[in-house]
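Asker:
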Amino acid sequence: MKPGLAGALTSLALSGAGTAYQAIMQAEVMGRLPLHVRGSGGGFVRAGLRIGQGVGVAFAGAAAELTGSTSSTLGAAGIVGCCSVVAAALIIAFIPTEQACEKPGRRTSR
C-alpha cells in the first residue's frame, strides 16, 4: 500500500485528531470525578488506555495471521476504532448533568 503524500498527510491529520480527542476525553472524565479520587481515576484512565492499546495490537496481529491480509486487518481496526469513539462520545453526551459531580468553584442552582 502506497498512499502518496496526500494520503499520508490525511492519515496523520486524522491520527492527530484522535490523539487530541483522547486528551479531551480524559479531561472530561477527570472533571466528573470527586476530588478525593481524581488521582486514582487518572491512573485508571491511563492504565486502561495502555492496556486497550496493547490488547488491540495483539488482536490485530492475530487477525492478520489468521486472514493473511494486513490491509483488511487495518481497515477493520479503523472501523472498530471509529465505532468506539462514537460510542464513548454518545455515552458522555447522554449522562445527565445532575448525576455528574460538581466541578470545583461552580455552583448549580436547585
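Throughout the sequence shown, residue numbering follows mature numbering (1 follows the signal peptide of the UniProt record, and there is no 0), covering -22 to -1, 1 to 88 in sequence. Note that the Cβ used here is the ideal one computed from N, Cα and C, for glycine as well.
1) Taking the C-alpha atoms as reference points, what is the distance between residue 91 and T51?
2) Give the DSSP-derived three-state secondary structure of G32 in the structure shown.
3) From which residue to which residue does the alpha helix (DSSP H) around L(-18) run?
4) I need the DSSP call for L68, collapsed to helix, strand or coil.
5) Who are the near neighbours of G59 in its chain, counting only those whose CB is closer than 7 angstroms to its CB and skipping five residues on each side?
6) Going by the CB atoms, is the gap between G19 and L11 shorter than 9 angstroms?
7) Among the candidates A40, Q31 and I73, whose CA atom is the shortest distance from the CA of S62?
Answerer: Put simply:
1) This structure leaves residue 91 out entirely; the chain is present only between -22 and 88.
2) Position 54 of the sequence shown, counted from the start, is the residue given in the question as residue 32. Here G32 sits in helix by DSSP.
3) For the purposes of this step, residue -18 is taken as the residue at position 5 of the sequence shown. Residues G(-19) to R10.
4) By 1-based counting over the sequence shown, the position of residue 68 is 90. If DSSP states are grouped into helix, strand and coil, L68 belongs with the helices.
5) As a working mapping, residue 59 is identified with position 81 in the sequence shown. Nothing meets the Cβ criterion.
6) For the purposes of this step, residue 11 is taken as residue 33 along the sequence shown, with counting starting at 1. For the purposes of this step, residue 19 is taken as residue 41 along the sequence shown, with counting starting at 1. Yes, the Cβ-Cβ distance between L11 and G19 is below 9 angstroms.
7) On the sequence shown, residue 62 is found 84 positions in, with the first residue counted as 1. Selected option, being the one with the closest Cα: Q31.
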